[in-house]
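Visitor:
Residue numbers (mature numbering (1 follows the signal peptide of the UniProt record, and there is no 0)): -42 to -1, 1 to 354.
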């Protein structure tokens, strides 16, 4: 179900999206999509390369000096911020008897003037039992909010995010942890006329948001970047506290808290020697007090291709997607995918009117050691809208 912007104008505070952890591409998915915890390419930094098991890397060199350097300019085309490039660099390594750790930095620039800078690191230690991660980002982004078929509101958002997480592995498959996130963001209407007004008279919205996430993860995958067998299950329960103000935080507008849960599951099975069949399902439910930018929706919390992040929103969402991954050679590969789902303010309405999208993509292997691919995907949805995605790694 698609929710046009007119449905949100009655709630001014919920009109403005901030940032979430999500799916656009490296830094943008970190800086503009903050406060979500759906698996994305951000996991390369957030979870120290995720859960790459030492057995998944042929004869890995152990120690800080035996790591792998990943440097890649990632061009992208986004319906939200136009075209641009993300310049990213990372260093991945293994401590003795532990899973992959890493540090990285990325900078984003786009054709509509958006920019961002993010850096982070994750350390897996004590024979893989503990993972500690720290991430910080700063962004200045221009985008339009609203359904592309109706009214769109041009916005400019500036924000800073800090995130810290600690994970504890119970065994090789089961782990749990906590994540703390803090966002300070200012959102204003992108208008040349309003820019002529004195700063004290320019309308804006200042958002301060803190979140605590409790995470449970079950993982039997043989590799994080390119799994060929196993399953991955996540349950993420979060509590958020938001304070909204205006005029440089001089006027308090509201203070509210809310709960949110995201449950996801992915499965992988090797097919035809060089192929992999992958499937993923995601369910999201947010309290009615959740701000607009931290609600649920297709393309917002699930990485579903073929849907603009802010066009399909609701307090609840569900999605499913399947993908076949094949290889032409060791260096080149391809994918074919199909997915769909719905978003609604009630759980009962989720299966009433499903939206569908599908497409194909190409893969170029940047690192044979880590099975890390550069990805280019083309998606078409049932409304006739098409999207191109350029990114690092698989979508799930």
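Using N, Cα and C, we set each Cβ at its ideal position, and we do this for glycine too. In this text the structure is predicted, and so the values were computed from the model without any measurement.
Return the chain-ordered list of same chain residues with a C-beta closer than 8 Å to the C-beta of residue 41, the five sequence neighbours on each side being excluded.
Guide: For this step, residue 41 is matched to residue 83 along the chain shown. Here the set comprises 33, 34, 35, 68 and 69.
Visitor: Would you list, in sequence order, the uninterrupted beta strand (DSSP E) runs of no fewer than 3 residues that lie entirely inside the region 62 to 138?
Guide: Listed in chain order, they are 73 to 83, 88 to 103 and 111 to 127.
Visitor: Under 6 Å Cβ to Cβ from residue 237, same chain only, skipping five residues before and after it: list those, please.
Guide: As a first step, residue 237 must be located in the chain shown, where it is residue number 279. These residues qualify, in order along the chain: 225 and 280.
Visitor: Figure out for me which residue from 343, 214, 291 and 295 has the closest Cα to the Cα of residue 326.
Guide: Taking the chain shown and counting its residues from 1, the one referred to as residue 326 is at position 368. Residue 291 is the option with its Cα nearest to residue 326.
Visitor: Taking residue 318 as part of the beta strand (DSSP E), name the residues at either end of that continuous run.
Guide: Residue mapping note: residue 318 aligns to position 360 of the chain shown, counting from 1. That run of the beta strand (DSSP E) goes 313 to 325.
Visitor: Are the Cβ atoms of residue 195 and residue 172 separated by less than 9 Å?
Guide: On the chain shown, residue 195 is found 237 positions in, with the first residue counted as 1. On the chain shown, residue 172 is found 214 positions in, with the first residue counted as 1. Yes.
Visitor: Look up residue 252 in the DSSP assignment and say whether it is helix, strand or coil.
Guide: Here residue 252 is taken as the residue at index 294 of the chain shown, counted from 1. Helix at residue 252.
Visitor: Measure the C-alpha to C-alpha separation of residue 339 and residue 265 and round it to an integer number of angstroms.
Guide: In the chain shown, the residue the question calls residue 339 occupies position 381. In the chain shown, the residue the question calls residue 265 occupies position 307. Each residue's Cα considered, the two are about 7 Å apart.
Visitor: How would you write the range of the beta strand (DSSP E) that residue 241 sits in, first residue to last?
Guide: Mapped onto the chain shown, residue 241 falls at position 283. From DSSP, the beta strand (DSSP E) with residue 241 extends over 233 to 244.
Visitor: My understanding is that residue 244 touches residue 270, with C-beta atoms under 8 Å, so please give their C-beta distance in whole angstroms.
Guide: Locating residue 244 in the chain shown gives position 286, counting from the first residue. Locating residue 270 in the chain shown gives position 312, counting from the first residue. In fact, because the Cβ distance is near 14 Å, the residues do not count as touching under 8 Å.
Visitor: Going by alpha carbons, who is nearest to residue 275 out of 242, 81 and 46?
Guide: Position 317 of the chain shown, counting from 1, holds the residue named residue 275. Out of 242, 81 and 46, 242 has the C-alpha closest to the C-alpha of residue 275.
Visitor: Between residue 306 and the rest of its own chain, which residues show a CB-CB distance below 7 Å, the 5 nearest in sequence each way excluded?
Guide: The residue you call residue 306 lines up with position 348 of the chain shown. Around residue 306: no qualifying Cβ.
Visitor: Using the DSSP secondary-structure output, state which residues sit across from residue 58 in a beta bridge.
Guide: Translated into the one-based positions of the chain shown, residue 58 becomes position 100. According to DSSP, which records beta bridges pairwise, residue 58 is partnered with 52.
Visitor: Ignoring anything shorter than 3 residues, give me the beta strand (DSSP E) runs that lie fully in the region 326 to 353, in order along the chain.
Guide: List check, beta strand (DSSP E) in window: 330 to 339 and 344 to 350.
Visitor: Using three-state DSSP, classify residue 191 as helix, strand or coil.
Guide: Here residue 191 refers to the residue found at position 233 when the chain shown is read from its first residue. Looking at residue 191 - three-state DSSP - the assignment turns out to be strand.
Visitor: Does DSSP put residue 39 in a helix, a strand or coil?
Guide: Here residue 39 refers to the residue found at position 81 of the chain shown. Coil at residue 39, not helix or strand.
Visitor: On the DSSP letters alone, give me the boundaries of the beta strand (DSSP E) that residue 302 sits inside.
Guide: On the chain shown, residue 302 is found 344 positions in, with the first residue counted as 1. Segment 290 to 302, the beta strand (DSSP E) holding residue 302.
Visitor: Just to confirm my understanding: we take residue 380, look at its own chain, exclude 5 residues before and 5 after, and list those with CB closer than 6 Å. What are they?
Guide: In the structure as shown, the chain starts at -42 and stops at 354, and residue 380 therefore has no counterpart that could be examined.
Visitor: Between which two residues does the beta strand (DSSP E) containing residue 274 stretch?
Guide: The residue given as residue 274 occupies position 316 in the chain shown. Per DSSP, residue 274 belongs to the beta strand (DSSP E) from 274 to 285.
Visitor: Return the CA-CA distance between residue 79 and residue 299, expressed in angstroms with no decimal places.
Guide: Counted from its first residue, the chain shown places residue 79 at position 121. Counted from its first residue, the chain shown places residue 299 at position 341. Taking the straight line joining both Cα atoms gives about 33 Å.
Visitor: Near residue 82, what residues of its chain come up, given a Cβ to Cβ distance below 6 Å and the 5 sequence neighbours on each side ignored?
Guide: Taking the first residue of the chain shown as position 1, residue 82 is located at position 124. Once the five neighbours on either side are set aside, the close Cβ partners of residue 82 are 6, 56, 57, 59 and 89.
Visitor: From residue 399 to residue 76, what does the alpha carbon distance come to, in whole angstroms?
Guide: Because the chain is modelled from -42 through 354, residue 399 falls outside the range shown and cannot be assessed.
Visitor: With a CB to CB cut of under 6 Å and the five nearest residues on each side skipped, what residues in its chain are close to residue 239?
Guide: In the chain shown, residue 239 corresponds to position 281, counting from 1. Within the same chain, residue 239 has close Cβ partners 223 and 278.
Visitor: Taking just the CA atoms, how far does residue 352 sit from residue 316?
Guide: In the chain shown, residue 316 corresponds to position 358, counting from 1. In the chain shown, residue 352 corresponds to position 394, counting from 1. Going by the C-alpha atoms only, they are around 15 Å apart.
Visitor: Would you mind stating whether residue 235 and residue 246 have Cβ atoms separated by less than 9 Å?
Guide: Here residue 235 is taken as the residue at index 277 of the chain shown, counted from 1. Here residue 246 is taken as the residue at index 288 of the chain shown, counted from 1. Cβ atoms of residue 235 and residue 246: not closer than 9 Å.
Visitor: To the nearest angstrom, how far is it from the Cα of residue 175 to the Cα of residue 134?
Guide: Taking the first residue of the chain shown as 1, we reach residue 175 at position 217. Taking the first residue of the chain shown as 1, we reach residue 134 at position 176. Those two C-alpha atoms are separated by around 6 Å.
Visitor: For residue 29, I'd like the list of residues in its chain whose CB is within less than 6 Å of its CB, leaving aside the five on either flank, ordered along the chain.
Guide: Numbered from its first residue, the chain shown carries residue 29 at position 71. Answer for residue 29: 47, listed in chain order.
Visitor: Taking the straight line between their C-alpha atoms, what separation do you get for residue 53 and residue 321?
Guide: Start at 1 with the first residue of the chain shown, and residue 53 comes out as number 95. Start at 1 with the first residue of the chain shown, and residue 321 comes out as number 363. Looking at the two C-alpha atoms, the distance is approximately 29 Å.
Visitor: Does residue 68 come within less than 9 Å of chain D when only Cβ atoms are used?
Guide: Considering every chain present, this structure includes no chain D. It has just one protein chain.
Visitor: I think residue 139 touches residue 121, with their Cβ atoms under 8 Å apart; what is that distance to the nearest whole Å?
Guide: The residue you call residue 139 lines up with position 181 of the chain shown. The residue you call residue 121 lines up with position 163 of the chain shown. Right, the Cβ-Cβ distance comes to about 5 Å (below 8 Å), so this counts as a contact.
Visitor: Using 10 angstroms around the beta-carbon of residue 128, count the other beta-carbons present and answer buried if the total reaches 16, otherwise exposed.
Guide: On the chain shown, residue 128 is found 170 positions in, with the first residue counted as 1. So residue 128 ends up on the exposed side.
Visitor: Using C-beta distances below 7 Å, list every residue in its chain close to residue 187, excluding the 5 sequence neighbours before and after it, in chain order.
Guide: Locating residue 187 in the chain shown gives position 229, counting from the first residue. So the list reads 180, 226, 227 and 228, once near-sequence residues are dropped.
Visitor: Quick check: the Cα distance between residue 295 and residue 163, rounded to an integer number of angstroms?
Guide: For the purposes of this step, residue 295 is taken as residue 337 along the chain shown, with counting starting at 1. For the purposes of this step, residue 163 is taken as residue 205 along the chain shown, with counting starting at 1. Each residue's Cα considered, the two are about 39 Å apart.
Visitor: Figure out for me which residue from 72, 252 and 198 has the closest Cα to the Cα of residue 169.
Guide: Stepping through the chain shown from its first residue, residue 169 is reached at position 211. Checking every option, the nearest Cα to that of residue 169 belongs to 198.
Visitor: Do you know how far the Cα of residue 212 is from the Cα of residue -3?
Guide: Residue numbering aside, residue -3 sits at position 40 when the chain shown is read from its first letter. Residue numbering aside, residue 212 sits at position 254 when the chain shown is read from its first letter. Per-residue confidence for residue -3 stands at a pLDDT of 34, beneath the threshold of 50, marking its modelled position as unreliable; the derived number appears in the next sentence. Residue -3 and residue 212: Cα-Cα distance of roughly 31 Å.
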